[in-house]
Amino acid sequence: MAEKHFRIKKYKDHNRPKLKFVVRSNVTGGKWERRFFETQAEAKTYAAQKEIELLNQGTEGMNFPTELRVMAHRAGQLLSQYGKTIADAAQFYVKHLAAESRSIPVGQAVDELIANRRDTGFSRRYCGDLKIRLGRFAKTFAQRTASTITTKE
301 MAEKHFRIKK YKDHNRPKLK FVVRSNVTGG KWERRFFETQ AEAKTYAAQK
351 EIELLNQGTE GMNFPTELRV MAHRAGQLLS QYGKTIADAA QFYVKHLAAE
401 SRSIPVGQAV DELIANRRDT GFSRRYCGDL KIRLGRFAKT FAQRTASTIT
451 TKE
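In our numbering, the protein residues as written are 301 to 453.
1. Does the pairing of the segment 374-382 with the segment 408-425 give three or more beta-carbon distances under 8 Å?
2. In terms of DSSP beta bridges, what is residue 308 paired with?
3. Taking residue 444 and residue 430 to be in contact with their CB atoms under 8 Å, please state how far apart those CB atoms are, rounded to whole angstroms.
4. Does DSSP classify residue 448 as helix, strand or coil?
5. Distance check for residue 433 and residue 400, CA to CA, integer angstroms please.
6. Is the Cβ-Cβ distance between residue 398 and residue 375 less than 8 Å?
7. Answer yes or no: do residue 404 and residue 446 have a C-beta to C-beta separation smaller than 8 Å?
8. Quick check on DSSP: helix, strand or coil for residue 402?
9. Around the C-beta of residue 442, are 16 or more other C-beta atoms found within 10 angstroms, so that it is buried, or is it exposed?
10. Answer with buried or exposed for residue 323, where buried requires no fewer than 16 other C-beta atoms within 10 angstroms of its C-beta.
11. Any idea what DSSP makes of residue 441, helix, strand or coil?
12. Just to check my reading of the structure: residue 320 and residue 345 have Cβ atoms closer than 8 Å, yes? What is that Cβ distance to the nearest angstrom?
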């Protein structure tokens, strides 16, 4: 039979006469924890629930791949230097990916800008200048979307 992590003992204290049973556990490996109960049935129910909870959490922990656990630990260490968590990083990255998915290719953005300027009445000379300058820009970043280009580039 499996080892019991929660032990039920009779309890007697003149200052608390209603409490007759105590459930003790040292699951964390540190300080002993105690819970007090009036009846043995309450104590047994509590101990059984806690054993099941421990078994389930242990099972979940075993099903969590070691590679992911190590990756999460390293990511947590990197982020903790900046006061952030893995959840913060995931939320930020999801927003970034959503913005990136709505972005359009650079060439298309340049064409749309020039068409917009022409349709709103800007001079032909200005539109021609834009086409030359932004044409070079579009050639340089032809394979990229607008959202992936940084100011440093």
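No residue lacks a Cβ here, since even glycine has one placed at the ideal position from N, Cα and C. Model, not experiment: these values are computed from the prediction.
Considering the structure as presented:
1. By the C-beta criterion, the segment 374-382 is judged not to be in contact with the segment 408-425, since fewer than 3 inter-stretch pairs fall below 8 Å.
2. As a position in the sequence shown, residue 308 is number 8, starting the count at 1. 323.
3. Locating residue 444 in the sequence shown gives position 144, where the first residue counts as 1. Locating residue 430 in the sequence shown gives position 130, where the first residue counts as 1. Not quite, the Cβ-Cβ distance comes to about 19 Å (not below 8 Å), so this is no contact.
4. Stepping through the sequence shown from its first residue, residue 448 is reached at position 148. Correct three-state label for residue 448: helix.
5. Numbered from its first residue, the sequence shown carries residue 400 at position 100. Numbered from its first residue, the sequence shown carries residue 433 at position 133. Taking the straight line joining both Cα atoms gives about 25 Å.
6. For the purposes of this step, residue 398 is taken as residue 98 along the sequence shown, with counting starting at 1. For the purposes of this step, residue 375 is taken as residue 75 along the sequence shown, with counting starting at 1. For residue 398 and residue 375, no; Cβs fall outside 8 Å.
7. Translated into positions along the sequence shown, residue 404 becomes position 104. Translated into positions along the sequence shown, residue 446 becomes position 146. Yes; because the gap between Cβ atoms is below 8 Å, this pair is in contact.
8. Locating residue 402 in the sequence shown gives position 102, counting from the first residue. Residue 402: coil per DSSP, three-state reduction.
9. Your numbering for residue 442 matches position 142 in the sequence shown. Residue 442 comes out exposed.
10. Locating residue 323 in the sequence shown gives position 23, where the first residue counts as 1. Under this definition residue 323 is a buried residue.
11. In the sequence shown, the residue the question calls residue 441 occupies position 141. Coil, per DSSP.
12. Indexing the sequence shown from 1 puts residue 320 at position 20. Indexing the sequence shown from 1 puts residue 345 at position 45. The pair is not a contact, with the Cβ atoms about 14 Å apart (cut-off 8 Å).
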